[in-house]
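Asker:
2 protein chains.
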Amino acid sequence: MADKIFRVNMSDLSASVEEVPSGWMGLGGRGLTSTVVAAEVEPTCHPLGAGNKLVIAPGLLSGTQAANSGRLSCGAKSPLTGTIKEANSGGTSAQMLAKHGVKALIIEGLPQADKWYGLQVSAKGVTILEETELVGKGNYEVVEKLNGRLGEKCAVITIGPAGEMKLTAANISVKDPGSRLRSCGRGGLGAVLGAKRIKFIAIEATDAKVDIAKPEAFQQAGRAFAKALVDNPISQALGQYGTNVLVNIINEAGGLPTRNFTSGQFAGHESISGETMHDLIVERGGRPKHNCHPGCVINCSQIYPGKDKKYLTSGFEYESIWAMGADCCVDNLDHIAEADHLMDDLGLDTIETSVAFGVAMEAGVLSFGDGAGVCRMLREEIGRGTAIGRIIGCGAGSVGRAFGVTRVPVVKNQAIPAYDPRAIKGIGITYATSTQGADHTMGYTIATNILGVGGKLDPLSKEGQVELSRNLQIATAAIDSTGMCLFIAFAALDDPNCLPALIDMINARFGIALTADDVTNLGKTILKTERGFNLAAGFTSHDDRLPEFFRHEPIAPHNVVWDIPDAAIDSFWNF
Amino acid sequence: MADKIFRVNMSDLSASVEEVPSGWMGLGGRGLTSTVVAAEVEPTCHPLGAGNKLVIAPGLLSGTQAANSGRLSCGAKSPLTGTIKEANSGGTSAQMLAKHGVKALIIEGLPQADKWYGLQVSAKGVTILEETELVGKGNYEVVEKLNGRLGEKCAVITIGPAGEMKLTAANISVKDPGSRLRSCGRGGLGAVLGAKRIKFIAIEATDAKVDIAKPEAFQQAGRAFAKALVDNPISQALGQYGTNVLVNIINEAGGLPTRNFTSGQFAGHESISGETMHDLIVERGGRPKHNCHPGCVINCSQIYPGKDKKYLTSGFEYESIWAMGADCCVDNLDHIAEADHLMDDLGLDTIETSVAFGVAMEAGVLSFGDGAGVCRMLREEIGRGTAIGRIIGCGAGSVGRAFGVTRVPVVKNQAIPAYDPRAIKGIGITYATSTQGADHTMGYTIATNILGVGGKLDPLSKEGQVELSRNLQIATAAIDSTGMCLFIAFAALDDPNCLPALIDMINARFGIALTADDVTNLGKTILKTERGFNLAAGFTSHDDRLPEFFRHEPIAPHNVVWDIPDAAIDSFWNF
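Chains as they are written, first to last, in this note's numbering: chain A, 1 to 575; chain B, 1001 to 1575.
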């Protein structure tokens, strides 16, 4: 069965299934969402208006047996940054969409009536149904109710109340194999779905299989690929402690932004570290290892129970724990977990929202360290759409503007995540030059700056950081197109068997003959397509800058400032 | 006595008096503030940070006997728009500063301590004093208390609670001859003074006179100039009905933006018109004619009493009445007057704040037409710095972002004022290309598009609008440098004696020999200086655009959209 483009027009509530244009054939995931957005969305349109489109695409290998290939990409013009945006997530939707033959689902237009809708997807196409029961409900309840309607195996893409309210920190959530939540977190894409008045997209369960052109070659490459992943020491550490293994590592490096980016170390780091979390999960009978999508062999997720030993949260990531922890000075992991649960349920990007709380704490809205206060505000303010809830729910830049705070850690209005660019300079290049605002996942230089993966590069030195970020951003754009989890990058950088096996799988899936150079060129093309959209939207190199305070305020313990010259930043695009 | 530059550094609480650099000698008002800001402020700095400077300058003719020469210019990088900004106002400060020999007062840095300050200016220099009593007080009380401290004749520049809270709709208020308030309204400059923790600038009264190089020539030109003003029919209409004479005129033209820019006519226009207002003022024993600064011969201001015949507001302008009236569908003039009083007292730009209320009404925060609700919110929400108060007090763009509204009438994040650009296309060019965000006063094409001053040009036609706006913007930049009220433009455009007399006065004041071409070149240079600052701050022609909805939503009664091509807009800068 050939893949198709599924298209929904909310203006006239119509749906269609179209052939895939030849130029889009070789694309998947981010490569496809960015190509479609660049081709079909007017770059200067209002992100919440009729002109924006939300594009949802599984990766090239999603739906196959390839390990770690279940990432789902969502793309649009971001209401948070105004740039092009792609956010990807685990969960079961990518694989289910791929099995239905959905190359991409493109959602356009705005409905005329003051009504909410749900979409139901199968191989036959998309059905648009008016929705009333689930409007205003949290994501956990949406998943539970849709399980009841369509069976436990259905896949679900959903927005919480934050997306309904069009808050620009709203994410798009994706049901995972345990009916819990994963998130296409960044860039406020939940608000785009909210503007289109779509509460959820349910994907019917299917046992269909995606076509594999050369099944034997695929199986052979798949085994080599999975072996490279499971043999990798970083994969193993991620499996043991989750991404939160990084708290102690980044704190030791002096790059753990603390108290709204005024220090690089957090006194309470031990209380919130991956090691502490692991022991607590074991003690409470939770699951320290867990997969976010079927076929993952790394298992960096976990089930975190509360004091009562009942489920509290899952997919409890380092960046979320850092943001609500060190950045807000909250050293109580249960408060952080509760906040994480609430943000997942409301459908809020944990990084954007927590960094916004850090700025709000600097403004005096609540005290640094007040984790219980954060949970109360999530429930009673953001959850209810009060004015302060909206200010915080629109992100760190929003809080800065409302309260006149000048120390606001954002690039292109998106919150800077868990690695201070003064102390880890490579990641600063990624924040500045990323086509999508500050985002560590766009070019994760921490690998080489801190973890010694793909070589070593002194995080405090100015030398080589642009090249490092450039190479990683190109590679990431390509990986994000395959449906692969970004964590395959550790093996890909250090194990010579990994990348060839990945390419062999793609070739065997489609009966083509990509080379490593082709993959690199794909990454370059994606970045340039995204950059082209942004330039047409009015962005310039002036937007590729970190906030002023990073140049003026040295950060402890290294007492360093952001000192990469603008011209060096701009040289990023020399490729 | 030669004029000097007075400089205050809030970082170390020092003040100095400096010689005027030769390049600044021939400049005053906006020409000087923009030149200083462009020379001394890093264009990419945070507007509320230590790098921004507030520059206050009387015009070239301020302090002389020249009619209508009492405008005060304030300039800085705007926290609302991010562009360079100049806002000017009547009141007594410009004349008093000029008499003290203050060419410009430059305020830089940020204080270290969590304290508030007041500045006291005399010919000797500036004294910086800690202030406690007036912190948190409204502008009316500040003026009253400073009158008590320094005598009724002192001049006062002040910010209200809005400026203290660094709200980006905060204005800078200037005491008028009756100890009431005039405003440097637009661009949020009150937040810049608030960030610098300066509650007020008091200027000691003086009887000193500014030097006139050629007194007789000055006197002769001054008489010709004043005659041109008083003979002009528009001046006379402004004197009779105030600027609010425009409500019926612009409504008739179909360009009175109504109900958050969804119609060009307001059913309640008669209730809020200048004619109705005039009769009400007379009936209640108010003053339909009033001057905002000594020496004004137009007297477009008025004293508007409430139902109880006591003072309610003054300087009650068309744009304020339109914004709270037609745009918010409030047809009760007393509610509008009360809101005007409250906004003046809180130190809020009436245009920005009222247009923000219009967007908030569209978002459902309160109902269209609820004037009493607006007054309550001004008092209880903005006045107290609640979250919804901050959202609205940061302007129309802020409300749009917080509530996900797509019909947000702003350019460069500044609210579009009282003339719909779809029905009056020349003013749309001004909104789009102004160096300072949407601002009718930057190039008031209404003169020619509607009032038939300086020729006639069909407001609905695309032809000639760019040239009209360009010529007016150049002339305005020059006029804004003289200390003259912009309303001299009507006489300047139609009376051949007016402009030569103005130039003769400048020449006689300084003993120089400017020509009309020199004045035009001054205007061009100012615009290019301002544009240069903006380009260095990261603005491009992409920012010179009206919001998307103006191109897609036709406005009644003409059912026209904004249809000037982008290339035509960009040709504005071909000079």
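Idealized CB from N, CA, C, for every residue including glycine.
Going by DSSP in three states, A/Pro409 sits in which element: helix, strand or coil?
Answerer: Coil at A/Pro409, not helix or strand.
Asker: Cα separation between B/Cys1328 and B/Asp1334?
Answerer: Near 14 Å, if we compare the C-alpha coordinates of B/Asp1334 and B/Cys1328.
Asker: Contact defined as beta carbons within less than 8 Å: I believe B/Val1365 pairs with B/Ile1388. What is the distance between those atoms, to the nearest angstrom?
Answerer: 7 Å between Cβ atoms; contact.
Asker: Would you report the Cα separation of B/Thr1448 and B/Asp1544, rounded to the nearest angstrom?
Answerer: B/Thr1448 and B/Asp1544: Cα-Cα distance of roughly 22 Å.
Asker: Assuming contact is defined by CB atoms lying nearer than 9 Å, are A/Ala169 and A/Gly395 in contact in what I supplied?
Answerer: Yes, these two residues count as a Cβ contact at 9 Å.
Asker: Starting from the C-beta of B/Gly1426, find all residues in its chain whose C-beta is less than 6 Å away, skip the five residues before and the five after it, and write them out in chain order.
Answerer: Around B/Gly1426: Thr1445, Asn1449, Gln1465, Leu1468, Ser1469.
Asker: Count the other CB atoms within 10 Å of the CB of B/Arg1376; is the residue buried (16 or more) or exposed (fewer)?
Answerer: Flag for B/Arg1376 reads exposed.
Asker: In angstroms with no decimal places, state the Cα-to-Cα distance between A/Glu352 and B/Arg1384.
Answerer: Rounded to whole angstroms, A/Glu352 to B/Arg1384 spans 27 Å at the Cα level.
Asker: In this structure, does DSSP put B/Asn1260 in helix, strand or coil?
Answerer: Three-state result, B/Asn1260: coil.
Asker: Which residues in the same chain as A/Val561 place their Cβ atom closer than 8 Å to its Cβ, once the five residues preceding and following it in sequence are excluded?
Answerer: Correct list, in chain order: Arg422, Phe550, Arg551, His552, Glu553, Pro554, Ile555.
Asker: Between the segment 1511-1531 of chain B and the segment 1274-1294 of chain B, do at least 3 Cβ pairs fall closer than 8 Å?
Answerer: Cβ pair count under 8 Å is below three, so no.
Asker: Report the option in B/Gly1373, B/Gly1242, B/Arg1071, B/Val1135 whose CA atom is closest to the CA atom of B/Thr1033.
Answerer: Of B/Gly1373, B/Gly1242, B/Arg1071, B/Val1135, the residue nearest in Cα terms is B/Arg1071.
Asker: Counting only Cβ pairs nearer than 7 Å, list the residues of chain B close to A/Leu48.
Answerer: The contacting residues are Gly1404, Thr1406.
Asker: Among the residues of its own chain, which have a CB less than 8 Å from the CB of B/Glu1319, if the five just before and after it don't count?
Answerer: So the list reads Thr1243, Thr1350, Ile1351, Pro1417, Ala1418, His1440, once near-sequence residues are dropped.
Asker: Please name the residue, chosen from A/Ala537, A/Arg531, A/Asn559, A/Asp566, that lies closest to A/Leu546 on a Cα-to-Cα basis.
Answerer: Taking only the C-alpha atoms, the option nearest A/Leu546 is A/Asp566.
Asker: For A/Glu548, go through chain B and note every residue whose CB falls closer than 9 Å to its CB, in chain order.
Answerer: The answer, in chain order, is Glu1042, Thr1044, Cys1045, His1046, Gly1049, Gly1051.
Asker: Tell me whether A/Ile429 sits in a helix, a strand or coil according to DSSP, three-state version.
Answerer: Three-state result, A/Ile429: helix.
Asker: Helix, strand or coil: how does DSSP classify B/Glu960 here?
Answerer: As displayed, chain B neither begins before 1001 nor continues past 1575, which places residue 960 of chain B out of reach and without an answer.
Asker: Can you tell me which of the three DSSP states A/Leu522 falls into?
Answerer: Helix, per DSSP.
Asker: If we require 4 or more residues per run, which alpha helix (DSSP H) segments fall completely within the segment 1290-1373 of chain B?
Answerer: Fully enclosed alpha helix (DSSP H) runs of 4 or longer: 1318-1324, 1333-1346, 1350-1362.
Asker: Among the residues of its own chain, which have a CB less than 6 Å from the CB of A/Phe6, if the five just before and after it don't count?
Answerer: Cβ within range, chain order: Val17, Val102, Leu105, Val126.
Asker: So, with DSSP's three-state summary, where would you put B/Gly1270?
Answerer: The residue asked about is misnamed: residue 1270 of chain B is Glu in this sequence, not Gly. Residue state, collapsed to three classes: helix.
Asker: Could you check which residue in A/Ile212, A/Leu346, A/Ser273 has the C-alpha nearest to that of A/Asp504?
Answerer: It is A/Ile212 whose Cα lies nearest to the Cα of A/Asp504.
Asker: Per DSSP, which one or two residues make a beta bridge with A/Ala39?
Answerer: Answer by DSSP bridge pairing: none, since A/Ala39 is not bridged.
Asker: For A/Met620 and A/Ala202, I'd like the C-alpha separation in whole angstroms.
Answerer: Residue 620 of chain A lies beyond the residue range present for chain A, which begins at 1 and ends at 575; the question has no answer from this structure.
Asker: State the DSSP-derived secondary structure class of A/Phe572, mapped to helix, strand or coil.
Answerer: Helix, per DSSP.
Asker: When you compare the CB positions of B/Gly1194 and A/Gly404, do they come within less than 9 Å of one another, or not?
Answerer: Yes, Cβ-Cβ distance for B/Gly1194 and A/Gly404 is below 9 Å.
Asker: Check the Cβ of A/Gly538 against every Cβ in chain B and list those closer than 7 Å, keeping chain order.
Answerer: What A/Gly538 touches in chain B: Thr1540, His1542, Asp1543.
Asker: Counting only Cβ pairs nearer than 8 Å, list the residues of chain B close to A/Ser398.
Answerer: Within 8 Å Cβ-Cβ: Arg1401, Ala1402.
Asker: Note down the Cα distance separating A/Phe584 from A/Asn251, rounded to an integer number of angstroms.
Answerer: The question about residue 584 of chain A has no answer, for chain A in this structure spans 1 to 575.
Asker: Going by CA-CA distance only, name the one from B/Asp1012, B/Ser1011, B/Ala1057 that's closest to B/Val1020.
Answerer: Considering only alpha carbons, the answer is B/Ala1057.
Asker: May I ask you to report which of helix, strand or coil DSSP gives A/Ala226?
Answerer: A/Ala226: helix per DSSP, three-state reduction.
Asker: Under three-state DSSP, which class holds B/Glu1164?
Answerer: Three-state DSSP puts B/Glu1164 in a helix.
Asker: Grouping DSSP H, G and I as helix and E and B as strand, with all else coil, what is A/Asn244?
Answerer: A/Asn244: helix per DSSP, three-state reduction.
Asker: What does the Cβ neighbour count give for B/Asn1559, buried or exposed, with the cut at 16 atoms within 10 Å?
Answerer: With fewer than 16 other Cβ atoms within 10 Å, it is exposed.
Asker: Counting Cβ pairs closer than 8 Å, one from the segment 486-503 of chain A and one from the segment 226-233 of chain A, do we hit at least three?
Answerer: The answer is yes - the segment 226-233 of chain A touches the segment 486-503 of chain A, with three or more Cβ pairs under 8 Å.
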